[in-house]
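Structure first, commentary second.
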Amino acid sequence: MDLSAIRHNVRLLAEHASGADMMVAVKADAYGHGLVPTARACLEAGATRLGTAYVREALALRAAGVAAPILSWIITPGEPLEEAARLGIELSAGAPWVLDEIAEAARNAGRLVRVHLKADTGISRGGATIDSWPALVERALAVQAGGAIEIVGLWSHLACADIPGHPSIERQLAVFDEALSIADKAGVSSGAIRHIANSAALMTLPQARYDMVRPGIAVYGLSPIPELGDFGLRPAMTLAARLASVKRVREGTGVSYGHLYVTDRETTLGLVPLGYADGILRNATNLAEVLAAGRRRRVAGRVCMDQFTIDLGDDQAEAGDEVILFGPGDDGEPTCQEWADSLGTITHEIVTRIGSRVPRVHTDGR
Ligand SMILES: *Cc1c(COP(=O)(O)O)cnc(C)c1O
1 MDLSAIRHNV RLLAEHASGA DMMVAVKADA YGHGLVPTAR ACLEAGATRL
51 GTAYVREALA LRAAGVAAPI LSWIITPGEP LEEAARLGIE LSAGAPWVLD
101 EIAEAARNAG RLVRVHLKAD TGISRGGATI DSWPALVERA LAVQAGGAIE
151 IVGLWSHLAC ADIPGHPSIE RQLAVFDEAL SIADKAGVSS GAIRHIANSA
201 ALMTLPQARY DMVRPGIAVY GLSPIPELGD FGLRPAMTLA ARLASVKRVR
251 EGTGVSYGHL YVTDRETTLG LVPLGYADGI LRNATNLAEV LAAGRRRRVA
301 GRVCMDQFTI DLGDDQAEAG DEVILFGPGD DGEPTCQEWA DSLGTITHEI
351 VTRIGSRVPR VHTDGR
């Protein structure tokens, strides 16, 4: 994990944000990049806030000594909200019962909790629909008057920001503006931070920046809209391994489970000690490419739980040689985007699925 790439990306995104605050989404172990070192690099480069999906992810940041403001946005009944209140974690509320649980936690902790009210402007995940928004705002103002919470944010999330020109984008922004105006008229402070933009919106929709942007994937150097190019972002993650075995085999040798690959001549097979338990999706079988012994090689045969094989032909290699699955692409290795394209998925899924037994090594530059 190249932390200098993370810092480069945060600075580049700050230019696009042109004055808006930046909360970096560091959920899912900072998209697989290692939560704490990545969060610190983001803050060093100028991000002012961190966002996590779950409360326990925010607690892990506090346990590591990260003091920056953190917002957690997925809350189910029975979460450790009292601990969150004690540690000053900001919480999202999109339904009245969440406000009630937050208020109780705030009273038990003896701490005021800073709350962001979430509007569902059209993605139909969390948050209050525009029909139930006025009641949510009223309830939040009542709880605030009781001294348990402070409403510090008003927010939402876009469904199709990565599909430029999608008609839902302008519709959602219009509903968001309506929600903001309802909150304003009801008496929510004009100092509440308004935010809706993920990476794709930050890069392509200036009108969606409001007071703060919430990029995730772009911070890690992966394009939020691959059809529009890489935006000058630099991939931070390189996934590498060392060959565990190299051996000559005869023509007609079946390789791995199901013999889905059969050598068409005498050749050299290399064994890469990473498998689907490490996030190498099983449908990379006979499909995805890696860089080994100076050239691209396709995965040869079935990806197993802990290993897969590559066909090295007649090239020289030995156990211990480095294999690069993906990286920035500077040395001819595939990029994470190429892996995502060949597997029919998005880069978010590739990086967040790298398993916990793969060591995260953080470097500064390469
Ligand atoms: C994950 C997430 C983001 C970041 O999205 P990217 O597409 O990775 O930029 C922003 N906001 C919310 C609510 C999220 O869940």
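At position 351 of the sequence shown the residue is numbered 351 (full-length UniProt numbering), and the sequence of numbers has no breaks. Glycine is no exception: its CB is placed at the ideal position from the N, C-alpha and C atoms.
Ligand 1 heavy atom lying under 6 Å from the CB of residue i
{"i": "alanine 25", "result": "yes"}
{"i": "proline 215", "result": "yes"}
{"i": "asparagine 198", "result": "yes"}
{"i": "histidine 195", "result": "no"}
{"i": "histidine 116", "result": "no"}
{"i": "histidine 157", "result": "yes"}
Residue i (DSSP reduced to helix, strand or coil)
{"i": "aspartate 29", "result": "helix"}
{"i": "tyrosine 276", "result": "helix"}
{"i": "aspartate 21", "result": "strand"}
{"i": "residue 379", "result": "Residue 379 cannot be examined here, being either before or after the span of the chain that is shown, 1 to 366."}
{"i": "threonine 76", "result": "coil"}
{"i": "leucine 81", "result": "helix"}
{"i": "tyrosine 261", "result": "strand"}
{"i": "histidine 8", "result": "helix"}
{"i": "threonine 38", "result": "helix"}
{"i": "histidine 16", "result": "helix"}
{"i": "leucine 269", "result": "strand"}
{"i": "glutamate 318", "result": "coil"}
{"i": "alanine 284", "result": "helix"}
{"i": "leucine 3", "result": "helix"}
{"i": "leucine 87", "result": "coil"}
{"i": "proline 117", "result": "The sequence as given places leucine at residue 117; proline does not occur at that position. It is a strand residue."}
{"i": "glutamate 71", "result": "Contrary to the premise, residue 71 reads as leucine rather than glutamate in this sequence. DSSP places leucine 71 in strand when its eight states are reduced to three."}
{"i": "leucine 50", "result": "strand"}
{"i": "leucine 158", "result": "coil"}
{"i": "leucine 43", "result": "helix"}
Start-to-end residues for the alpha helix (DSSP H) that takes in residue i
{"i": "aspartate 100", "result": "96-109"}
{"i": "glutamate 338", "result": "336-343"}
{"i": "isoleucine 350", "result": "347-352"}
{"i": "valine 55", "result": "55-63"}
Boundaries of the beta strand (DSSP E) in which residue i is found, first to last residue
{"i": "leucine 141", "result": "Run containing leucine 141: none in the beta strand (DSSP E); it sits in the alpha helix (DSSP H), 133-145."}
{"i": "valine 290", "result": "289-292"}
{"i": "arginine 296", "result": "295-298"}
{"i": "leucine 154", "result": "149-155"}
{"i": "glycine 313", "result": "308-313"}
{"i": "alanine 93", "result": "90-93"}
Any non-hydrogen atom of ligand 2 within 6 Å of residue i CB
{"i": "isoleucine 324", "result": "In the structure shown, ligand 2 is absent; the only ligands present are ligand 1."}
Tell me, please, whether the region 218-228 touches the region 288-298 by the rule of three or more beta-carbon pairs shorter than 8 Å. no
Flag this pair as touching only if the region 305-316 and the region 230-239 have three or more C-beta atom pairs under 8 Å; answer yes or no. no
Which parts of the region 160-246 are runs of the beta strand (DSSP E), unbroken and 3 residues or longer, counting only runs that do not cross its ends? 193-197, 239-242
Evaluate contact between the region 126-141 and the region 166-173, counting only Cβ atoms and requiring at least three cross-stretch pairs below 8 Å. no
Does the pairing of the region 44-56 with the region 65-79 give three or more beta-carbon distances under 8 Å? yes
Determine contact between the region 20-39 and the region 324-340, defined as no fewer than three beta-carbon pairs at a distance below 8 Å. no
With a cut-off of 8 Å, do at least 3 Cβ pairs link the region 94-107 to the region 175-184? no
Cβ pair count under 8 Å reaching 3, the region 155-163 against the region 116-123: yes
Using 8 Å as the threshold, is the region 272-282 in touch with the region 207-216, meaning 3 or more CB pairs across them? no
With a cut-off of 8 Å, do at least 3 Cβ pairs link the region 258-266 to the region 346-365? no
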